[in-house]
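Okay, structure first, notes after.
2 protein chains.
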Amino acid sequence: MNPTIKEIAKRANVSIATVSRALNDLSNVKNDTKVLIKKIAEELNYNPNIAARNLVSKKTQIIGFVLPEIEGEFYTEVIKGIDKVAYGSGYHMIVASSHSERSIVETLTNFMKRNFVDGVIVMIPAVNQQVKELIEGSRVPVVIINAKNEIDNVDTVSIDNYQGAYSITNYLIKNSGYKKIAIIKGPAQNNDALERFEGYLSALTDNNIEVNDNWIIEGDFTMKGGELACSRLLTLSDRPDAIFACNDIMAIGCYKVINNLGLNIPDDIGVAGFDHINLSEFILPHLTTVHVPKEELGTEAGKLLIDRIEKGDTKEITHLKISTGIVFGNSSKN
Amino acid sequence: MNPTIKEIAKRANVSIATVSRALNDLSNVKNDTKVLIKKIAEELNYNPNIAARNLVSKKTQIIGFVLPEIEGEFYTEVIKGIDKVAYGSGYHMIVASSHSERSIVETLTNFMKRNFVDGVIVMIPAVNQQVKELIEGSRVPVVIINAKNEIDNVDTVSIDNYQGAYSITNYLIKNSGYKKIAIIKGPAQNNDALERFEGYLSALTDNNIEVNDNWIIEGDFTMKGGELACSRLLTLSDRPDAIFACNDIMAIGCYKVINNLGLNIPDDIGVAGFDHINLSEFILPHLTTVHVPKEELGTEAGKLLIDRIEKGDTKEITHLKISTGIVFGNSSKN
DNA sequence: TAAACTTATGTAAACGTTTACATTATTAAT
DNA sequence: ATTAATAATGTAAACGTTTACATAAGTTTA
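Going line by line, the protein sequences match chains L and W.
Going by the working numbering, the first residue of the first sequence is number 28, and it counts up by one from there.
Going by the working numbering, the first residue of the second sequence is number 28, and it counts up by one from there.
Laid out in structure tokens, this is it:
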């Protein structure tokens, strides 16, 4: 059906080896021959058979991206970042989220055991033992996004959560003048959440502010969770004058509660988030939050992975930390 | 490196043909042999080489999804839908959005010419001549999401925009009692936008409401566009009492302007959108909008494509229209 | 018990490339 | 003009499967 190099060889009166060399622009092919072959290939609308090429090269030019769920803009941005880099280097990306019918482990196993992808990028908030072992034992190159640095023979890219949380807390203190800053944490096993919490603690300490345990509330990174946490905080007898929600969605949950109580943001109570999702700019007042370069997370992971695929073990392991910045909204005084 | 069927054959003292048959659970293999072979495969941690298999089967079990840009939850949901169906049928999905470095045509060409994917799902708001020809001439099965039915030898899935727009306009009239309903349209070449506009017109006509050209404003499906359109409408001497924005993002733009002017939604002016994006439930008052089953769009397209891949031309062309529903928010009176 | 099936296995080709090695044609060096 | 070096091309194997066809082994049937 599809023309093959055999067909081209016949028409050009050369061997298939020469055709292959010509089409791949290898050296040692007379220019005339090369031109002729390319012309014929063009005429026949020739396209190389990828499977055949993969078979001999033992590469597929495909990278896999494993994530818990394709949802929310965060992952979307990361996907975009990976895709751009992949495309630029001649790779394709297969996205595999886990869902009702497929577990993360299953996906990962599939990607790593079969000679199906050249490398895998994994972005999961909490790496459990099983996943850890899977990754450590993998012959396929892996890059992990945003996990705790507990797998050290693997390249990683992550957000500097500590720095982000530290600076926004510091900002709330130094610039806005808040003194009683509460925090709504993220899920307990979530590494990002942990690091953010630590940044918050350090900032308080460095500013000689005592940590008040009543103002440290567990959250779950959902809006509902934000609402509940916020209403707990606002009904305390000694209530905080600012709330640092460990992600934007929870911060938006706070907005709801605060508005319902007829309080003013940022005068009665300041609010800050983390992530800088689009929504944070849609709401009023605009949310003060931490900008996370989501797409960059993807591009960096992509670069690292492709480098690893192409250079193998000659390159040493990289642990990349991507810094964040503050988005100065109006949900905090200034 | 990786064990092959050859290695298994050697250990089991059989030919590679038998191994292949045993592993693929084909008939005509003695049960003892089958069990033995499978045991050895297991021990060796054997995984079939996909490239080799693809080479002979001339299939890759990969489907491509082409979209203009991975952005916003709409596409995300569709991706999720496709992924689920694909996975269920043993396929993988490669997502290729166009971006700075890659045009839609380029992506499409890449997918359709090479024997790289078994089928392609295309979701682009406006199919131009070049794309049309590309699709019509494709030997690779294609399913188009949400485009005008102008390519008839291809399966399509689309939202019933007309019905959605008709019913929400009708709702604004019949249930909310609005009489002066303006519309903010979508981009001129966008097919969804056109159909929505037609639904609006029909609903007015069927309710014996005269169409007022001043209340028909061009929009562009962006928040900013919604703001501008809204402020134009609200400064008219004869201003509408309700606005139907052809997508939610523009409706949210309207909220901004209306709030700024100190007007009340839904009493001074009603607002309705289209798409039912998450955001529509975050804002207050909750937006009255048209629910679009985004994930279903993906699953249906996936099913159609895989069916086409596996059944070939024996199955006749399907043009599927997916109905929508109204989300009764508080941005309209009731 | 031979003939006729059926079942189980093997042989070898095919899929479409790439590439090591061999060969021939061309150019440079003496 | 002969030899040496280089450039261009060809030959054939290899990649790891699947599968048509051939063969061997086992089971009915008359």
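Glycine is no exception: its CB is placed at the ideal position from the N, C-alpha and C atoms.
- Scanning chain W for C-beta atoms nearer than 8 Å to the C-beta of D110 (chain L) yields I97, V122, A123, S124 and H126, reported in chain order.
- Interface residue (Cβ-Cβ distance to chain L less than 8 Å): K107 (chain W) is classified as such.
- Remark: three or more beta-carbon pairs, one from each stretch, lie closer than 8 Å, so the stretch 254–272 of chain W and the stretch 205–219 of chain W are flagged as touching.
- Nearest CB-CB separation between Y227 (chain W) and chain L: not below the 8 Å threshold.
- Beyond the five residues adjoining it in sequence on each side, F101 (chain W) comes within less than 6 Å, by CB distance, of K321 in the same chain, given in chain order.
- For Y114 (chain L), the chain W residues whose Cβ falls inside 7 Å of its Cβ are E128 and R129, in order along the chain.
- Contact between the stretch 280–293 of chain W and the stretch 243–258 of chain W is present, with at least three C-beta pairs closer than 8 Å.
- T45 (chain L) is outside the set of residues whose beta carbon lies under 8 Å from a beta carbon in chain W.
- For the pair Q190 (chain W) and R223 (chain W), the Cα-to-Cα distance works out to about 8 Å.
- Interface annotation, R335 (chain L): not in contact with chain W, CB-CB separation never under 8 Å.
- Judged by their CB atoms, D302 (chain W) and V319 (chain W) are nearer to each other than the 8 Å cut-off.
- If the five residues before and after G108 (chain L) are omitted, its C-beta is found closer than 6 Å to the C-beta atoms of E322, G325 and T326, all from its own chain and listed in chain order.
- Taking all protein chains in view, the Cβ of V238 (chain W) is surrounded by fewer than 16 other Cβ atoms within 10 Å, so the residue is classified as exposed.
- Restricting attention to L:S124, L:L290, L:L199 and L:A44, the CA atom closest to the CA of G300 (chain L) is found in L:L199.
- Beta-bridge partners of I270 (chain L) (DSSP): L:A209 and L:V298.
- Contact with chain L is found for A79 (chain W), since one of that chain's Cβ atoms lies less than 8 Å from the residue's Cβ.
- Annotation for G108 (chain L): the continuous alpha helix (DSSP H) segment containing it runs G99 to G115.
- Between V170 (chain W) and I148 (chain W) the beta-carbon gap is near 5 Å, inside 8 Å, which marks them as a contact.
- A contact is defined here as three or more CB-CB pairs under 8 Å, and the stretch 306–320 of chain W fails this definition with respect to the stretch 334–347 of chain W.
- In this structure, L:Y114 is the residue among L:Y114, L:S124, L:E128 and L:S229 with its C-alpha nearest to the C-alpha of A123 (chain W).
- G252 (chain W) is classed as buried because its beta carbon has at least 16 other beta carbons within 10 Å across all chains shown.
- Here F309 (chain L) carries a helix assignment [DSSP, helix/strand/coil].
- Cα atoms of K111 (chain L) and D110 (chain W): separation of roughly 20 Å, rounded to the nearest angstrom.
- Residue range I131 to K140 is occupied by the alpha helix (DSSP H) that includes T136 (chain L), with no beta strand (DSSP E) assigned at that position.
- At a cut-off of 8 Å between C-beta atoms, N142 (chain L) counts as an interface residue with respect to chain W.
- Scanning W:S194, W:I162 and W:A192 for the CA closest to the CA of T183 (chain W) turns up W:I162.
- In the three-state reduction of the DSSP assignment, L94 (chain W) falls in the strand class, which pools E and B.
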